[in-house]
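Q: After the structure tokens below, expect a handful of questions from me.
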Amino acid sequence: MEGSQVYIPDEKLAWVPGTVLRTEDGGKRVLVRLVHANATTIDDRWVDLRDESMPSELPLQNDDPLVHGSVNDMCTLNHLHEPAIVYNLRARFLQQRPYTYTGDIVVAVNPYAWLDGLYSKATQALYMGKDRRSSLPPHVYATSASAFTSMIQYDRHQSILVSGESGAGKTETVKILMEHLATMSTTTQGQSSNLAVVAKVLKSNPLLEAFGNAKTIRNDNSSRFGKFTQLQFDHEHQLVGAKCRHYLLEKSRVVTQSDPHERNYHIFYQLVASNDPRWNLLQNQPNQNQHATSFAYLQGDRSLSSSSFSLDATRYTATREALTTIGMPQLDQLALLDALAGILHVGQVSFTPRNSDDGSSNADMTSDAWTMTYTLLGLDPRSLATSLCNRTVKARLEVYVVPLSIDQAQMNRDAMAKEIYARLFGYLVQCVNESISNDNAMVTHIDLLDIFGFEAFATNRFEQFCINFANEKLQQKFTHDVFKTVQEEYEQEGLGWTYVQFKDNQDLLDLLEAPLGVISLLNEECIRPMGNDLTFCSKLTSTHDVHPRLDKQKARLSASHFALKHYAGTVMYCVDGFVETNKDALSTEVVSLLATSSNHLVSHVFQDVTTSSSAHRSSRRGSISSGFMGETVVSKFKTQLAGLMADIAATQVHYVRCIKPNAVKSSSAFDFRDVADQLRCAGVVEAIRISRAAFPNKLSHERFLHRFELLQNAKIKAANVVTVGAACAQLATALIGQPESPTSFVLGSLHIFFAAGVLEELETQRMDRMHSRATLLQRMVRGLLCRRWFLRQRTAAVLIQARFRQYTTTTKFQQTRRRVTRLQALWRGRASRRSLATRQFTLSVVLVQRNYRKYIAKKEYIKFRQAVILLQAQAKQRTQQAKFHAHKRELRAQQTMEMDIVALKTRLDEEKRRALDEHKQQGAMGISLLPTTKQILPPPPPPPSAGMFAAGLSVDDVSLLDESGRMLETLQREVQKWRDVHDRDISEMDQLKNENKRIKDAYTAAGASFAALNQHNKQQSKANLRLMSTHAALIKSQEEKMKKYQRQVADLKDELKLVKGSNGFAVGAASVQENVLQVLTDHHVHHDVQAKVRQVFEGSSSVHHAPQRRTSVTPSTYEPSVVATQRRGPMPGTSIDQQKRPSSNLHSNGSTADNLRGSGVLPKEDGGQLLSNNSIYYEEDANRKSGLGGMLKKMFKKNDN
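Under UniProt numbering, the letters of the sequence shown match residues 1 to 1201, in that order.
This is how it looks when you write it as structure tokens:
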């Protein structure tokens, strides 16, 4: 027993694999080492097989290497039991292989993921051939292919039973089977019209899911009814139609949900999400996401989100399209949806107590919910209120109206809502059948049953009782089919059937269906006027106190509970609500009222109720009958179940068991305990128990010989055997010690079957033999290892000695080599240092010489550079001096010309004053002299045109005077003009010099562009030369003009001398001046010339009239009055006379030109020069430009233009 691989029970994992370490108390107490799934945690645990929770023997593990992975058919396992099945399913689930065979049964584990290629058209085609089950991996397609092939070959109806708990994948499995059957039907005869039928059938599934599915704590789309689909085939095996039947719709979900996280049927939420004002379902909710919680019937799943609201709205559209697809008219659709919306408003109807003290109630007829209820359901409001708050009791010939309390009225209201919904669901199924069924063309059919699996919750009520009752009926059929399969297997092996004995669940079905069984007692309690749940439970426990299927220990714990021992385990039921739920307590008054509804669909589904109820009441025992419906829920369900079993019995049945691997919907989690419970509830474990009732274990002949050959002794080996079977029988007889018999083993044609405990005993012997041989092998291996260790130690010692000697010799050699190397390094270092010192000295000497040469060359360069700079400075100085002297000479010439003009004006003024004085003297001589004077002087001068200067001044003199004035003005303007031109030339020269300098600097900085800059410099130099030549030409022209004007001035001097010599100059001076001004005005002479002439005349008069005094004119007083006036012109706001008048103060009365010269203001005449170079004016401001120079420049500029 030690070393055996076993499974032990565990609270969390159901079964845990382990290895037996030690046994005590005759094998009843076992120490097992457990290695958990992560292979890192090891735990040793004692197991006492004498405990009630422990099995009599620990199940053995399958140690075949192939088994450790997974097997396709679990019947091939050597040790077939519950833990072996669970671990095999887990291995295949992790390998993403959801299907596994157990004989003819397909176990489908929900993978919670869509596996690529598993349901493709190519995969469907693989499973369409014959006898492909053994050559292909397990698949649900094998079941549908087997059913379709059997239907064709044997012309027999087929059925496929799909069972499992909520969330195990039953609905999806049925869809997959239907699609594969339709594909095979199409492939058999080619394309046909049955594709439209299949499309209709598949489209009807969402419609039935909307009305029959709801969200539960285990599944978001749980089917709350059993569905039996019949696929109809014609004589050519073409799919021509389908028909659907439903079983045990969960009507209680319409009015209440057992868990806060569960929901009502999907269709109600879709109606609310449609937001149709026809039904007034939003009820002015501020938040549309909380619309459903306002209804009493939709209080489940309060955490509604906007995403679920939009999803419900989308599904509502799909539901309406599906109703149209099955051919339901729009009028019928609106009537159906009106009735469903009316059910929601029915839940909002409230009741109030009456004024009397009998506890009766009245309906609140003032609320909006009441209005919407009778409107949508098409009922009379007063009749509805009476029917809900009262019930009628008939006793013989009398009829009594019994008022209902508020609680009873609410129960009556809820019963009406449930019954309306149930009948509407039945009508919907009928419409689907009318749309897709074809009974006339049907020859054979394949039935698909999608029904709820066995349920065992913490609290089990009436719904679980009915579901488990149906599963017990199906389990009985399943048990008989499995028993038949085992019988066929034994017959194939050549064994007698007398070996197999099993016990089915007929006793439990008798307990449920017998005349005094559970169903009869429940119906009887419903008929009794004062029947209740506790009375029913008490009658049940007292009537069947000794029945083995009734667990009396658990039943004694509570008066409202009873426990039944089902095939999958003991289930305790709570009887609260059993009687009322079974009654389905809807009064006949309400049923009759609904039959008269203006909603044609509601009246249609309730039109035959009144007749059936009356017939049932007349057939009841006794004289007193209740007004409630006579047929109870469990009775109707029993009738439906009997018809279902009759239909299944007439077919060849195929089984698919769906398993839910975990509750979190994960593709990687596997809940061992939950899966084990589902296997028990699905009957898989029971089927295995039946198949292994006589011989729990079997092995093939070859495997038995290969596995237990090591237990043979010499005698057995020496015996002569002919066949493998004979060898197996001989070996088994020798090992077991008994001949072939039902209590030891039986030899089949392919396998050898062992009775209970025989194979385990053989495994124990094999394990002992393997332990003994393993001990021998271990002893020999340990000796071999010790010898090897000794040899390695000795070899290592010799090697260490050799290595030590080598190390010593090597150390001495390396020490000597290091010393020699050190000495050589010192000698090479000394020689290298000497060589380095010599090289450094040589480099130092070379560096000193180079620096000295550099110093000498630098010194000579600096000296040469300074000399060059000095020469350049001197050359530039000479050039600038020449330019300066030329410019100075030019300025002096201009100043001399200006002074000459000023002197001429002064002399002219003196002559005028002298002439005026002489004129005055002559006027003072008296009238006596007048004739004489008249005789001497010529006649008075005529007008200017006729000789106005006849009185002492000739016409030539007047013209000369006028011309001299204009010439002076012109000279002043031209001098100023040429002065400006000269200034601009100088500024241009400065600009050119600056530009030349910048070009030179740019040339120095950008040596790469020297050629371009040099060319530009040459161009600039040429431009400078051109400008200088132009300037020289201008200066030469100016000098020529100045010489011309100087000659004119000399001529004027000569003429003035002649004028001074004439005696009659002063006579008529005033009139002459007036005549001159008049002539200038008549000839439109420029006003500036007129103003200057007038100023000259006024100055002349002021000189003669003012007192004579000598005044020395200094350059400081002269320059502002004359030169500045010529530069700036007349001041704004003053006349020309005001501007010129101060100049008269510069001269003394009666002074002459000679006096001016003597005062130093005017230079003396010397060789035609007007002014000398050493005058006082030029000594103070030699560089100052005169107005005459500017006038000359302007004049020359005009001439050039």
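Glycine included, every Cβ here is placed at the ideal spot set by N, Cα and C.
CA-CA distance, E686 and S741?
A: What you label residue 686 is simply residue 686 of the sequence shown in a count that begins at 1. What you label residue 741 is simply residue 741 of the sequence shown in a count that begins at 1. Roughly 25 Å between the two C-alpha positions.
Q: Quick one: grab the DSSP three-state call for H600.
A: Reading the sequence shown from its first residue, position 600 is the one you call residue 600. If DSSP states are grouped into helix, strand and coil, H600 belongs with the helices.
Q: Beta-carbon separation of C658 and N110 under 8 Å?
A: The residue labelled residue 658 in the question sits at position 658 within the sequence shown. The residue labelled residue 110 in the question sits at position 110 within the sequence shown. Contact: yes.
Q: To the nearest angstrom, how far is it from the Cα of E2 to the Cα of V32?
A: Here residue 2 refers to the residue found at position 2 of the sequence shown. Here residue 32 refers to the residue found at position 32 of the sequence shown. Taking the straight line joining both Cα atoms gives about 9 Å.
Q: Taking DSSP as the reference, what is the three-state secondary structure of E250?
A: Within the sequence shown, the letter at position 250 stands for residue 250. Here E250 sits in coil by DSSP.
Q: Would you identify the three-state DSSP class for W370, choosing helix, strand or coil?
A: Here the question's residue 370 lines up with position 370 in the sequence shown. Of the three classes helix, strand and coil, the one that applies to W370 here is helix, per DSSP.
Q: Do you know offhand how far L441's Cα is from N362's?
A: Residue mapping note: residue 441 aligns to position 441 of the sequence shown, counting from 1. Residue mapping note: residue 362 aligns to position 362 of the sequence shown, counting from 1. The amino acid at residue 441 is misidentified as Leu; the sequence shows Ala. Near 56 Å, if we compare the C-alpha coordinates of N362 and A441.
Q: Quick one: residues in its chain with C-beta nearer than 6 Å to the C-beta of P9, no 5 flanking neighbours on either side, listed in chain order?
A: In the sequence shown, counting from the first residue as 1, residue 9 sits at position 9. Nothing meets the Cβ criterion.
Q: Report, in whole angstroms, the separation of the C-beta atoms of V30 and L13, which I expect to be a contact under 8 Å.
A: For the purposes of this step, residue 30 is taken as the residue at position 30 of the sequence shown. For the purposes of this step, residue 13 is taken as the residue at position 13 of the sequence shown. Contact doesn't hold; Cβ gap of about 18 Å is too wide.
Q: Is the beta carbon of H237 less than 8 Å from the beta carbon of I176?
A: Residue numbering aside, residue 237 sits at position 237 when the sequence shown is read from its first letter. Residue numbering aside, residue 176 sits at position 176 when the sequence shown is read from its first letter. For H237 and I176, no; Cβs fall outside 8 Å.
Q: Any idea if K484 is buried or exposed, counting beta-carbon neighbours within 10 angstroms, 16 or more meaning buried?
A: Locating residue 484 in the sequence shown gives position 484, where the first residue counts as 1. By the neighbour-count rule (16 or more Cβ atoms within 10 Å), K484 is not buried but exposed.
Q: On the CB-based measure, 16 or more other CB atoms within 10 Å of its CB, does G829 come out buried or exposed?
A: Position 829 of the sequence shown holds residue 829. By the neighbour-count rule (16 or more Cβ atoms within 10 Å), G829 is not buried but exposed.
Q: Quick one: Cα of N355 to Cα of S274, how far?
A: Walking along the sequence shown from the start, residue 355 turns up at place 355. Walking along the sequence shown from the start, residue 274 turns up at place 274. Going from the Cα of N355 to the Cα of S274 covers about 42 Å.
Q: Tell me which residue opens and which closes the alpha helix (DSSP H) that A825 is part of.
A: Translated into positions along the sequence shown, residue 825 becomes position 825. V758 to A924 is the span of the alpha helix (DSSP H), which, as asked, contains A825.
Q: Could you check what DSSP says for H701 in three-state terms: helix, strand or coil?
A: Position 701 of the sequence shown holds residue 701. Of the three classes helix, strand and coil, the one that applies to H701 here is helix, per DSSP.
Q: Taking the alpha carbon of D980 as the point to measure from, which residue in M780, L891, T906 and A915 has its own alpha carbon closest?
A: On the sequence shown, residue 980 is found 980 positions in, with the first residue counted as 1. That would be L891, whose Cα lies nearest to the Cα of D980.
Q: Return the bridge partner residues of E434 from the DSSP annotation.
A: For the purposes of this step, residue 434 is taken as residue 434 along the sequence shown, with counting starting at 1. Per DSSP, none; premise fails for E434.
Q: In this structure, what does DSSP give as the bridge partners for V7?
A: Numbered from 1 along the sequence shown, position 7 holds the residue referred to as residue 7. The amino acid occupying residue 7 in the given sequence is Tyr; Val does not appear at that position. Paired residues: P17.
Q: D338: which of M365, T317 and I420 sits nearest, CA to CA?
A: Taking the sequence shown and counting its residues from 1, one reaches residue 338 at position 338. Out of M365, T317 and I420, I420 has the C-alpha closest to the C-alpha of D338.
Q: Cβ of Q492 within 8 Å of Cβ of S150?
A: Taking the sequence shown and counting its residues from 1, one reaches residue 492 at position 492. Taking the sequence shown and counting its residues from 1, one reaches residue 150 at position 150. Going by C-beta atoms, Q492 is not nearer than 8 Å to S150.
Q: Could you round the C-beta distance between residue 1202 and L699 to whole angstroms and report it? I think they count as a contact, below 8 Å.
A: In the structure as shown, the chain starts at 1 and stops at 1201, and residue 1202 therefore has no counterpart that could be examined.
Q: Nearest-angstrom Cα distance between T143 and P98?
A: Within the sequence shown, the letter at position 143 stands for residue 143. Within the sequence shown, the letter at position 98 stands for residue 98. Rounded to the nearest angstrom, the two C-alpha atoms are 14 Å apart.
Q: Would you say H266 and R315 are within 8 Å of each other, going by their C-beta atoms?
A: Start at 1 with the first residue of the sequence shown, and residue 266 comes out as number 266. Start at 1 with the first residue of the sequence shown, and residue 315 comes out as number 315. Cβ distance < 8 Å, so H266 and R315 count as in contact.
Q: Can you have a look at D259 and say buried or exposed, based on whether 16 or more other CB atoms are within 10 angstroms of its CB?
A: Against the sequence shown, residue 259 aligns to sequence position 259. Counting Cβ neighbours within 10 Å, D259 comes out exposed, since fewer than 16 surround it.
Q: What does the alpha-carbon distance come out to for the pair D481 and D647?
A: Start at 1 with the first residue of the sequence shown, and residue 481 comes out as number 481. Start at 1 with the first residue of the sequence shown, and residue 647 comes out as number 647. So the alpha carbons of these two residues sit roughly 15 Å apart.
Q: Can you tell me the Cα-Cα spacing of M74 and L80, whole angstroms?
A: The sequence position of residue 74 within the sequence shown is 74, counting from 1. The sequence position of residue 80 within the sequence shown is 80, counting from 1. Answer to the nearest angstrom: the Cα atoms are 7 Å apart.
Q: Whole angstroms is fine: what's the gap from F577's alpha carbon to A145's?
A: Translated into positions along the sequence shown, residue 577 becomes position 577. Translated into positions along the sequence shown, residue 145 becomes position 145. Looking at the sequence provided, one finds Gly at residue 577 rather than Phe. Cα to Cα, the separation comes out at about 45 Å.
Q: Helix, strand or coil for N264? Go by DSSP, reduced to three states.
A: Numbered from its first residue, the sequence shown carries residue 264 at position 264. DSSP places N264 in coil when its eight states are reduced to three.
Q: For the beta strand (DSSP E) holding D450, just list the boundary residues, first then last.
A: On the sequence shown, position 450 is the one that residue 450 refers to. Here the beta strand (DSSP E) through D450 covers T444 to F452.
Q: Return the chain-ordered list of same chain residues with a C-beta closer than 7 Å to the C-beta of H445, the five sequence neighbours on each side being excluded.
A: Taking the sequence shown and counting its residues from 1, the one referred to as residue 445 is at position 445. Around H445: H157, Q230, L231, Q232 and F233.
Q: Drop a sphere of 10 angstroms on the beta-carbon of R907, count the other beta-carbons inside from all chains shown, and report buried for 16 or more, exposed for fewer.
A: Within the sequence shown, numbered from 1, the residue matching residue 907 stands at position 907. R907 is buried by the Cβ-count criterion.
Q: Run the CB neighbour count on F637, radius 10 Å, all protein chains shown included, and call it buried at 16 or more, exposed below.
A: Within the sequence shown, numbered from 1, the residue matching residue 637 stands at position 637. By the 10 Å Cβ count, F637 comes out buried.
Q: Span of the alpha helix (DSSP H) holding N88?
A: Counting from 1 along the sequence shown, the entry for residue 88 is found at position 88. Looking at the DSSP string, the run of the alpha helix (DSSP H) that includes N88 is E82 to L94.
Q: Give me the Cβ distance between H654 and A147, rounded to the nearest whole Å; I'm assuming they're in contact under 8 Å.
A: Counted from its first residue, the sequence shown places residue 654 at position 654. Counted from its first residue, the sequence shown places residue 147 at position 147. Contact holds; Cβ gap of about 5 Å.
Q: Quick check on DSSP: helix, strand or coil for L397?
A: Position 397 of the sequence shown, counted from the start, is the residue given in the question as residue 397. Three-state result, L397: coil.
Q: How many Å lie between L334 and T324 at the Cα?
A: For this step, residue 334 is matched to residue 334 along the sequence shown. For this step, residue 324 is matched to residue 324 along the sequence shown. Computed Cα separation, rounded: 12 Å.
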